[in-house]
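Chemist:
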Amino acid sequence: MSASLSNPPVRGLALRRSVTSAVGWIACGIGLALVIFPLLDIVGVVTLNGLAAINWNLFTKDTGGPALGMANAIEGTFIITIFAMAIAVPIGVGAGIYLSEYGKNRLGSTIRFLSDVLTGTPAVVLGYFSYIVFIISFGWGFSLAAAAITIAILIVPYLARISELALTQVPNTMREAAFALGGTDTTVVFKVVLPAASSGVITGALLALAISVGETAPLIYTAGWSDYAWNGQFTHAPIAYLTYVIWTFINQPDAHSHSLAYAAAFLVMMVVLTINIGVRLMVRRG
Amino acid sequence: MNIAKLLRTGVAALAITAAAGAIPHAAQASVPLTETGSSLLYPLFNLWVPAYTASHSGATITTTSTGSGAGIAQSIKGLVQIGASDAYLSDAVVKGHPTMLSIPLAISSQAINYNLPGIASLNLSGPILAGIYEGKITKWNDPAIAAANPGVTLPDHVIVPIHRIDGSGDTFIFSQYLAFSDKDWASTLHYGTSISWPAVSGGIGANGNPGMVTALQNNPYGVAYIGISFAKQVAAAGLGQAALLDKHGEYVLPTEETISTAASSVASTTPADERISIVFTPGVNAYPIVNYEYAIVNSQQPNKATAAAIRKFLTWAVNEGNATSFVSQVHFLSLPAAVKALTVAQIKTIK
Amino acid sequence: MKLRPFRLFVLILSLFIPAALVAVILFLVIYSGQAIVFNGLHFITNVNWNLGDLYDDPVVVRGIQVPAGAAYGVLAFIVGTLATSALAILIAVPLSIGTAIFLCEAVPEIERATWRYFPWLPPLRQALAMLVELVAVVPSVVFGLWGVAVLIPFLGHYVSPTGNGYGLLAASIVLALMITPIIASTLYDALSQVPKENRESAFALGSTHFEVVTKAMLPMVRTTLIGGIVLALGRALGETMAVLMVSGGGINILPTSLFSPISTIASFIVSQLDSAETDPTNMAVRALSEIALVLFLITLAVNAGAKLLSSGALNVRKPQ
Chain A
645 MSASLSNPPV
655 RGLALRRSVT
665 SAVGWIACGI
675 GLALVIFPLL
685 DIVGVVTLNG
695 LAAINWNLFT
705 KDTGGPALGM
715 ANAIEGTFII
725 TIFAMAIAVP
735 IGVGAGIYLS
745 EYGKNRLGST
755 IRFLSDVLTG
765 TPAVVLGYFS
775 YIVFIISFGW
785 GFSLAAAAIT
795 IAILIVPYLA
805 RISELALTQV
815 PNTMREAAFA
825 LGGTDTTVVF
835 KVVLPAASSG
845 VITGALLALA
855 ISVGETAPLI
865 YTAGWSDYAW
875 NGQFTHAPIA
885 YLTYVIWTFI
895 NQPDAHSHSL
905 AYAAAFLVMM
915 VVLTINIGVR
925 LMVRRG
Chain B
79 MNIAKLLRTG
89 VAALAITAAA
99 GAIPHAAQAS
109 VPLTETGSSL
119 LYPLFNLWVP
129 AYTASHSGAT
139 ITTTSTGSGA
149 GIAQSIKGLV
159 QIGASDAYLS
169 DAVVKGHPTM
179 LSIPLAISSQ
189 AINYNLPGIA
199 SLNLSGPILA
209 GIYEGKITKW
219 NDPAIAAANP
229 GVTLPDHVIV
239 PIHRIDGSGD
249 TFIFSQYLAF
259 SDKDWASTLH
269 YGTSISWPAV
279 SGGIGANGNP
289 GMVTALQNNP
299 YGVAYIGISF
309 AKQVAAAGLG
319 QAALLDKHGE
329 YVLPTEETIS
339 TAASSVASTT
349 PADERISIVF
359 TPGVNAYPIV
369 NYEYAIVNSQ
379 QPNKATAAAI
389 RKFLTWAVNE
399 GNATSFVSQV
409 HFLSLPAAVK
419 ALTVAQIKTI
429 K
Chain C
10 MKLRPFRLFV
20 LILSLFIPAA
30 LVAVILFLVI
40 YSGQAIVFNG
50 LHFITNVNWN
60 LGDLYDDPVV
70 VRGIQVPAGA
80 AYGVLAFIVG
90 TLATSALAIL
100 IAVPLSIGTA
110 IFLCEAVPEI
120 ERATWRYFPW
130 LPPLRQALAM
140 LVELVAVVPS
150 VVFGLWGVAV
160 LIPFLGHYVS
170 PTGNGYGLLA
180 ASIVLALMIT
190 PIIASTLYDA
200 LSQVPKENRE
210 SAFALGSTHF
220 EVVTKAMLPM
230 VRTTLIGGIV
240 LALGRALGET
250 MAVLMVSGGG
260 INILPTSLFS
270 PISTIASFIV
280 SQLDSAETDP
290 TNMAVRALSE
300 IALVLFLITL
310 AVNAGAKLLS
320 SGALNVRKPQ
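Sequence lines, in order, name chains A, B and C. Convert by adding 644 to the 1-based position in the first sequence; the result is the number in my numbering. Convert by adding 78 to the 1-based position in the second sequence; the result is the number in my numbering. Convert by adding 9 to the 1-based position in the third sequence; the result is the number in my numbering.
1. Quick one: what does DSSP say B:Thr231 is sitting in, helix, strand or coil?
2. At the level of alpha carbons, what is the spacing between B:Asn381 and B:Lys429?
3. Would you check whether the ligand NAP has a heavy atom nearer than 6 Å to the C-beta of B:Gln311?
4. How is B:Asn369 classed by DSSP in three states: helix, strand or coil?
5. Which runs of the beta strand (DSSP E), 3 residues or longer, sit entirely within the stretch 289-360 of chain B?
6. Using a Cβ-Cβ cut-off of less than 9 Å, give me the residues of the stretch 50-84 of chain C that come near chain B, in sequence order.
7. Examine chain A for any beta-carbon lying closer than 7 Å to the beta-carbon of B:Ser142, and answer yes or no.
8. Given A:Phe703, which residues of its chain have a CB within under 6 Å of its CB, disregarding the five upstream and five downstream residues?
9. Report the rounded CA-to-CA distance for C:Gly215 versus C:Arg208, giving the unit in angstroms.
10. With distances taken from CA atoms, which of B:Val396, B:Tyr370, B:Ile210 is nearest B:Ser187?
11. Within 7 Å of any Cβ in chain C, is that where the Cβ of B:Trp218 sits?
12. Measuring alpha carbon to alpha carbon, tell me which of B:Glu212, B:Thr216, B:Ser108 ends up nearest B:Gly136.
13. Hey, could you find the ends of the alpha helix (DSSP H) B:Arg242 is sitting in?
14. Give the straight-line distance between the Cα atoms of B:Ile101 and A:Ser856, rounded to the nearest whole angstrom.
15. Rounded to whole angstroms, how far is the Cβ of A:Val916 from the Cβ of A:Leu863, which I believe are closer than 8 Å?
16. Output needed in chain order: residues of the stretch 880-893 of chain A with a Cβ under 7 Å from some Cβ in chain B.
17. Give the straight-line distance between the Cα atoms of B:Val158 and C:Leu304, rounded to the nearest whole angstrom.
18. Is the beta carbon of B:Gly247 closer than 7 Å to that of B:Asp164?
19. Show which residues of chain C have a CB atom less than 8 Å away from the CB atom of A:Ile755.
20. Assuming C:Val150 and A:Trp891 form a contact by the criterion Cβ under 8 Å, report the distance between their Cβ atoms to the nearest whole angstrom.
21. Please determine, among B:Ser355, B:Ser403, B:Thr359, B:Ala350, the residue with the shortest C-alpha to C-alpha distance to B:Ala419.
22. Could you check the C-alpha separation between A:Ile741 and C:Thr265 for me, to the nearest Å?
23. Once you ignore the five residues that flank A:Gly858 on each side, which residues in its own chain have a CB closer than 8 Å to its CB?
24. Could you tell me which of A:Ile776, A:Ala899, A:Leu825 sits nearest to C:Ser298, measuring between CA atoms?
25. Where in the stretch 784-871 of chain A do unbroken runs of the beta strand (DSSP E), each at least 3 residues long, occur, reported from the N-terminal end onward?
26. Under 8 Å between beta-carbons, which chain A residues line up against C:Asn312? List them in chain order, please.
27. I need the DSSP call for B:Ile197, collapsed to helix, strand or coil.
28. Where does B:Ala105 land, buried or exposed, given buried means 16+ other C-beta within 10 angstroms?
29. Grab the span of the beta strand (DSSP E) containing B:Glu113 for me, first residue to last.
30. Which word fits C:Glu114, buried or exposed, when buried means at least 16 other C-beta atoms lie within 10 angstroms of its C-beta?
31. Within 7 Å (strictly less), CB to CB, does B:Ser307 reach chain D?
32. So, does the CB of B:His103 fall closer than 7 Å to a CB anywhere in chain C?
33. What does the alpha-carbon distance come out to for the pair A:Gly720 and A:Ser870?
34. Considering only the alpha carbon of each residue, which of C:Val294, C:Ile260, C:Ser256, C:Leu200 lies closest to C:Ser105?
35. With DSSP run on the structure shown, which of helix, strand or coil describes A:Ala767?
36. Is the beta carbon of B:Tyr120 less than 7 Å from the beta carbon of B:Ser143?
The structure is reproduced here in structure tokens:
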């Protein structure tokens with residue numbers, strides 16, 4: 645490997661060491677290949693099948709009609725995600741701030757621990773919890789409100805832990821300097837620490853966004869499904885979402901449904917990719 | 079700075095979306111209906127609804143595929159107006175919820191498929207299948223299978239029984255066939271949308287009908303039960319279709335003729351609440367795994383407008399919707415006239 | 010100390026997380042109460058799962074209404090959950106370490122070398138990192154489809170002695186593929202943040218490049234590695250659809266080999282919820298809540314274990 649050639653080996657043990665190095669690099673390369681090829685294959689399958697099914701009707705017509713569009717699902721995913729993020733980002737980033745700035749104590753580590761436990765909760769359990777509590781007990785019916793809250797519960801722990809990790813990496817000297825200049829808690833956090841860690845916090849938000857766009861199980865029992873566009877109500881109105889199209893249409897006997905499912909999977913990927921690149925560009929420029 | 083800018087953009091986006099959402103979309107003249115449940119009935123609903131809404135302007139009906147259990151539960155809870163189910167309501171459920179109706183909308187059936195290289199036709203019976211799925215019959219050249227297939231050279235190979243893992247109407251009618259034709263199965267495993275599958279080494283569970291087709295394709299010497307709407311995929315995969323022993327003692331294949339013979343054999347005995355099985359019915363040349371596809375509806379709706387909308391749609395479904403042009407696309411059959419009369423009578427009770 | 014409103018505010022925000030968790034656990038405990046009474050300890054020691062005859066009249070057992078013949082034993086699913094997750098981690102960790110090291114250390118050199126001749130090539134490292142990010146949003150049902158279409162025929166033809174590819178190994182490999190990006194990307198981030206001084210001093214001592222990576226850099230990122238593994242494990246324990254599609258869905262049977270059909274708790278809940286809803290006594294749904302509770306306890310134990318491990322790792326790091 646070119647890597648090990650850059651350091652001329654010392655004599656003696658040298659042969660064994662360079663052989664170990666070479667074998668090690670090859671093993672790492674094989675590891676990469678073993679990971680990359682299946683992943684490339686999966687992404688490739690979605691892209692090829694998805695691209696073949698893309699047409700203008702997807703974005704203009706609703707599901708349920710013969711035209712086979714999914715404008716309602718695209719809109720629904722967008723709306724559910726916006727509201728879920730609106731609930732989750734303040735809580736998640738706020739919790740991240742607490743954990744990194746003031747949470748180096750027993751209470752902080754308890755919250756951290758419980759947050760990790762919440763991460764391991766299967767999404768379907770959260771979905772069923774919301775079904776019984778919001779849909780049945782509160783009588784909301786299948787609704788945007790229940791869907792957005794469920795997704796928010798799902799993504800808050802990720803947001804909190806990743807923001808915390810990002811904020812912790814900001815050197816303490818910056819905080820000390822800001823406090824020395826007479827900064828208050830708020831100014832130090834919002835003017836110094838948060839901007840310095842913005843890229844990490846945004847990574848967390850993007851991961852959360854990806855999860856909320858890609859989840860199916862918690863929505864089946866909370867959002868329900870609608871073949872029509874959202875009617876503006878927060879409760880008592882089911883709402884469509886993209887992953888339902890994938891989950892359901894892939895189980896249909898006809899080829900047309902399959903291509904619609906792949907188109908939906910491809911769109912989910914593209915939406916997240918676009919947001920990802922867009923936000924990163926914005927951050928770099930700002 | 080960046081965060082603040084982002085936040086501001088986010089808030090603006092939110093405001094725009096909220097404003098857009100507040101404007102009601104298309105004027106909805108009639109009550110919006112939601113159908114959820116059976117994944118078997120779902121493709122037919124997807125053919126019906128566009129045709130219905132095209133001829134009835136203002137009607138909005140959403141179709142959802144969740145599963146028969148969800149269809150029943152959500153219809154009882156009033157979350158949806160029409161629950162779709164491959165199975166009728168049990169006595170216990172009817173006792174607890176006397177206003178819930180089981181309304182047949184069409185007739186469906188199921189094939190038993192196998193993957194045996196070089197064997198073009200195969201006879202199977204309820205007791206043989208029960209033996210296979212219980213692990214009592216483990217090889218294809220078992221005497222019981224050989225006796226049912228004179229002249230066929232069966233391979234000396236272990237059988238791979240494939241079943242559904244997800245709760246499914248297909249499992250319901252398959253296990254009914256086994257329970258009705260095999261006493262042992264009836265007393266231990268019963269029938270239902272999920273079965274406590276006995277531990278058969280080498281047995282496989284698959285997810286959904288597409289999962290069943292691929293699992294059977296991937297496993298030579300396998301046997302599986304697959305909904306009739308997947309007949310095309312099964313044939314394309316080169317899998318065999320077994321003839322099944324009917325109550326009359328003959329082996330019959332699932333054809334339009336044998337399925338409708340089975341359906342008409344119960345047409346005169348179907349009770350007013352239409353909760354009856356068409357599995358393993360008496361009658362010459364009657365295919366043994368056939369079922370009604372039900373709409374589970376509460377006869378006491380919260381308001382008159384909703385009740386009227388449900389009545390109107392269901393009436394359309396059993397008349398215009400039962401035309402061959404719709405049902406044959408998913409390999410279903412229309413309801414016999416006598417059953418249709420009962421169904422129409424039930425629909426009229428929705429208030 | 011004076012009152013600090015901002016600190017109080019963010020504290021209240023962060024308390025939402027334990028509040029949500031407690032709400033979910035309380036709900037599950039209350040909802041599964043009758044099932045816990047009915048099942049007793051048999052729940053976790055028995056392998057027999059039977060919803061009973063949902064179409065017959067319910068019977069009353071110990072004062073509780075249940076379907077006739079109902080029995081709820083989930084040992085097989087506990088074993089299935091632990092086995093798939095452990096195996097998935099076992100596969101994913103070495104792959105992730107290899108991937109992260111190669112991406113972080115070897116790819117830049119390869120890039121430098123090839124760009125001399127092909128300057129128009131896209132930046133390889135960014136392209137690979139992008140691929141990893143894309144994989145995070147591929148819906149798990151697509152992973153499942155890939156498993157059924159590609160992995161299972163492969164295992165069936167070339168690996169499995171019986172010709173059947175479904176089961177423990179297939180589920181573990183699919184899970185491993187889903188979690189490798191999580192571990193690899195956290196590790197990659199951490200490796201690229203190792204201070205230059207540490208690397209250079211290791212080189213100065215005459216280490217080969219590979220030794221620098223394995224002996225000087227890897228020990229420094231041990232905590233991050235464990236953190237990444239814990240996040241990944243959480244994902245593996247809770248994953249449903251992909252597992253459901255390739256696991257062979259074994260019930261009433263304990264795995265005996267890598268090709269035994271298995272079910273995990275999460276995938277089993279998804280597969281049974283629909284049928285459970287038709288149970289007029291509602292006991293089936295309560296029993297499913299009880300399994301969810303068991304999964305919570307497993308997650309709790311895993312996290313506690315990881316915490317112990319990572320505090321140990323911290324102690325190792327401190328002396329330098």
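No residue lacks a Cβ here, since even glycine has one placed at the ideal position from N, Cα and C. Quantities reported herein were computed from a predicted structural model and do not represent experimental measurements.
Modeler: From the atom records:
1. Here the question's residue 231 of chain B lines up with position 153 in the second sequence. Coil.
2. Locating residue 381 of chain B in the second sequence gives position 303, counting from the first residue. Locating residue 429 of chain B in the second sequence gives position 351, counting from the first residue. Distance between the alpha carbons of B:Asn381 and B:Lys429 is about 8 Å.
3. Questions concerning the ligand NAP fall outside what the structure shown contains, since it holds no ligand whatsoever.
4. Position 291 of the second sequence, counted from the start, is the residue given in the question as residue 369 of chain B. In the three-state DSSP reduction, B:Asn369 falls in the strand class (E or B).
5. Given a length threshold of 3 residues, each whole run of the beta strand (DSSP E) inside the stretch 289-360 of chain B is given here in chain order: 300-305, 321-323.
6. Residues of the stretch 50-84 of chain C with a C-beta atom less than 9 Å from some C-beta of chain B are Val56, Asn57, Trp58, Asn59, Leu60, Gly61, Asp62, Leu63, Tyr64, Asp65, Asp66, Pro67, Pro76, Ala77, Gly78, Ala80, listed in chain order.
7. Residue mapping note: residue 142 of chain B aligns to position 64 of the second sequence, counting from 1. According to the sequence shown, residue 142 of chain B is Thr rather than Ser. By this cut-off, B:Thr142 is an interface position.
8. Translated into positions along the first sequence, residue 703 of chain A becomes position 59. Excluding sequence positions up to five before and after A:Phe703, its CB lies within less than 6 Å of the CB of Ala715, all in the same chain and listed in chain order.
9. The count along the third sequence starts at 1 and reaches residue 215 of chain C at position 206. The count along the third sequence starts at 1 and reaches residue 208 of chain C at position 199. Their Cα atoms are separated by approximately 11 Å.
10. Sequence index remark: in the second sequence, residue 187 of chain B carries index 109 (1-based). Per the Cα distances, B:Tyr370.
11. The count along the second sequence starts at 1 and reaches residue 218 of chain B at position 140. Output row for B:Trp218: interface = no.
12. Here residue 136 of chain B is taken as the residue at index 58 of the second sequence, counted from 1. Nearest of B:Glu212, B:Thr216, B:Ser108 to B:Gly136, Cα basis: B:Ser108.
13. Counted from its first residue, the second sequence places residue 242 of chain B at position 164. Looking at the DSSP string, B:Arg242 is not in any alpha helix (DSSP H); the run it does join, the beta strand (DSSP E), is 238-242.
14. The sequence position of residue 101 of chain B within the second sequence is 23, counting from 1. The sequence position of residue 856 of chain A within the first sequence is 212, counting from 1. Low local confidence applies: a pLDDT of 41 at B:Ile101 is under 50, so the model's placement there is unreliable, with the coordinate-based value given in what follows. C-alpha separation (whole angstroms): 26 Å.
15. In the first sequence, residue 916 of chain A corresponds to position 272, counting from 1. In the first sequence, residue 863 of chain A corresponds to position 219, counting from 1. 16 Å between Cβ atoms; not a contact.
16. Residues passing the 7 Å Cβ filter: Pro882, Thr892.
17. Mapped onto the second sequence, residue 158 of chain B falls at position 80. Mapped onto the third sequence, residue 304 of chain C falls at position 295. Inter-residue distance for B:Val158 and C:Leu304 is about 31 Å (C-alpha atoms, whole angstroms).
18. For the purposes of this step, residue 164 of chain B is identified with residue 86 of the second sequence, where counting begins at 1. For the purposes of this step, residue 247 of chain B is identified with residue 169 of the second sequence, where counting begins at 1. The answer is yes: Cβ separation under 7 Å.
19. Indexing the first sequence from 1 puts residue 755 of chain A at position 111. Under the 8 Å cutoff, chain C gives Ser23, Leu24, Ile26, Pro27.
20. For the purposes of this step, residue 150 of chain C is taken as residue 141 along the third sequence, with counting starting at 1. For the purposes of this step, residue 891 of chain A is taken as residue 247 along the first sequence, with counting starting at 1. Indeed, because the Cβ distance is near 6 Å, the residues count as touching under 8 Å.
21. Mapped onto the second sequence, residue 419 of chain B falls at position 341. Distance from the Cα of B:Ala419 is smallest, within the candidate group B:Ser355, B:Ser403, B:Thr359, B:Ala350, for B:Ala350.
22. One-based indexing of the first sequence puts residue 741 of chain A at position 97. One-based indexing of the third sequence puts residue 265 of chain C at position 256. Taken atom to atom, the span from the alpha-carbon of A:Ile741 to that of C:Thr265 is near 48 Å.
23. Position 214 of the first sequence, counting from 1, holds the residue named residue 858 of chain A. Contacts found: Thr887, Val912, Val916.
24. Counting from 1 along the third sequence, the entry for residue 298 of chain C is found at position 289. C:Ser298 has its Cα closest to that of A:Ile776, out of A:Ile776, A:Ala899, A:Leu825.
25. The stretch 784-871 of chain A is shown to contain no whole beta strand (DSSP E) run of 3 or more residues.
26. Here residue 312 of chain C corresponds to residue number 303 of the third sequence, with the count starting at 1. Within chain A, Phe757, Asp760, Val761, Gly764 have C-beta atoms less than 8 Å from the C-beta of C:Asn312, given in sequence order.
27. As a first step, residue 197 of chain B is located in the second sequence; it is residue number 119 there, counting from the start. In the structure shown, B:Ile197 adopts coil according to DSSP, grouped into three states.
28. Against the second sequence, residue 105 of chain B aligns to sequence position 27. Unreliable positioning characterises B:Ala105 in this predicted model, as indicated by a pLDDT of 40, which lies under 50. A coordinate reading is not provided.
29. The residue you call residue 113 of chain B lines up with position 35 of the second sequence. Residues 111-115.
30. The residue you call residue 114 of chain C lines up with position 105 of the third sequence. Flag for C:Glu114 reads buried.
31. Absence of chain D from the displayed structure is noted, the protein chains being A, B and C.
32. Locating residue 103 of chain B in the second sequence gives position 25, where the first residue counts as 1. No answer about B:His103 holds up, because its pLDDT of 42 lies below 50 and its placement is not dependable.
33. Taking the first sequence and counting its residues from 1, the one referred to as residue 720 of chain A is at position 76. Taking the first sequence and counting its residues from 1, the one referred to as residue 870 of chain A is at position 226. A straight-line Cα-Cα distance of about 9 Å links A:Gly720 and A:Ser870.
34. By one-based count along the third sequence, residue 105 of chain C stands at place 96. Considering only alpha carbons, the answer is C:Leu200.
35. Walking along the first sequence from the start, residue 767 of chain A turns up at place 123. Residue state, collapsed to three classes: helix.
36. Here the question's residue 120 of chain B lines up with position 42 in the second sequence. Here the question's residue 143 of chain B lines up with position 65 in the second sequence. Taking 7 Å as the Cβ cut-off, B:Tyr120 and B:Ser143 qualify as a contacting pair.
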